[in-house]
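Written below as structure tokens is the structure these notes are about.
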Amino acid sequence: MARKNTDATPTGVAPGAQGAPKQKKPKKIRWYHQIFQAYKMTYARDRKAPWVMLAAAAGVLAVAVLLGLWWGQVVYLIVVGVPFALLAAMFVLARRAERAQYAEIEGQAGASRAALGTVRRGWSFDDEPVAVDPKTQDLVFRGLGRAGVLLVSEGPSHRVKKLLDAEQRKLGRVLSGVPVIVVQCGSEEGQVPVAKLGRHVQKLKPKLTKAEVGEVGKRLTALGKMRMPIPKGVDPNRARPDRKGMRGR
């Protein structure tokens with residue numbers, strides 16, 4: 001009589017897979033979840049947002065009712081007006097949410113770079129600042145577009161001017177005839193607020209062709225690679241001066 005094989009694994013089940021916990025699939029974030037999260041974030045900073053959204057929706061519905069009474073198609077226009085009322089409320093929420101986000105990052109280091117991330121086609125920006133003041137934490141970010149080379153600073157105007165002037169002189173050595181645009185981001189008079197920085201950059205008029213932008217980009221890349229060579233085996237952080245040599249021995 002043949003002996004049954006009790007060690008055989010079930011058909012279609014890989015060895016060692018029995019009893020293994022199944023990995024849960026990550027939950028999909030639905031569009032209404034995103035809207036609810038945006039609403040919570042906005043309401044935390046803007047308590048008037050729900051009332052403004054309600055007023056916008058009610059205004060659209062009121063216009064739909066008035067037009068329906070005028071044309072004698074009240075029910076039809078109300079049915080059409082409801083989606084437009086919801087769109088009006090969503091538009092208000094989007095604008096209020098954008099304003100709340102800018103209010104949250106205002107005053108933080110790198111806020112201008114975050115605002116520049118909203119600029120659409122035609123511009124490229126370095127992720128890291130090209131100039132930093134280690135004492136005051138003032139920053140200068142650089143971008144390139146058809147309007148030219150853009151320098152955006154963070155900090156009081158009387159302090160960042162030195163950083164901007166130094167960066168302009170550096171660019172003048174490798175770029176001739178290329179417009180360099182300086183924008184100071186901040187809340188002082190003459191500076192561009194963080195919330196308006198993206199729109200301010202998008203309004204700049206183009207002065208370079210696409211080919212010229214590509215050539216300027218290559219020069220800027222080469223400029224970033226220009227550093228003083230460090231001898232092998234020397235750690236600049238541990239280097240010490242030769243005291244005997246300083247005394248002339």
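Numbering-wise (the UniProt record's numbering), the sequence shown opens with residue 1 and increments by one.
Using N, Cα and C, we set each Cβ at its ideal position, and we do this for glycine too.
- Around Asp-46, the same chain offers Arg-96, Ala-100 as residues with beta carbons nearer than 6 Å, after the five sequence neighbours per side are excluded.
- In this structure, the straight-line span from the alpha carbon of Ala-49 to that of His-158 is close to 37 Å.
- Inter-residue distance for Gly-72 and Trp-123 is about 51 Å (C-alpha atoms, whole angstroms).
- Relative to Gln-108, the option among Leu-139, Ala-94, His-200 whose CA is nearest is Leu-139.
- Looking at the DSSP output, Gly-148 shares a beta bridge with Gly-145.
- Residues Gln-202 of the same chain have their beta carbon placed closer than 8 Å to that of Arg-120, with the five preceding and five following residues left out of the count.
- Just so you know, the alpha carbons of Ser-153 and Gly-198 end up roughly 14 Å apart.
- Residue environment analysis places Tyr-76 among the exposed positions, since fewer than 16 neighbouring C-beta atoms fall within 10 angstroms of its C-beta.
- Distances from the CA of Ala-38 to each of Val-178, Ala-57, Phe-91, Leu-66 were compared; the closest alpha carbon is that of Phe-91.
- Straight-line spacing of the CA atoms in Leu-171 and Leu-93 works out to 42 Å.
- Here Glu-167 is buried, its C-beta having at least 16 other C-beta atoms within 10 Å.
- Within the DSSP bridge table, the entry for Ser-157 names no partner.
- When secondary structure is reduced to three states using DSSP, Ala-57 falls in the helix class.
- Of the residues Ala-114, Glu-128, Val-52, Ser-112, the one whose Cα lies closest to the Cα of Ala-85 is Val-52.
- In the three-state reduction of the DSSP assignment, Ser-176 falls in the coil class.
- With fewer than 16 other CB atoms across the displayed protein chains lying within 10 angstroms of its CB, Ala-62 is exposed.
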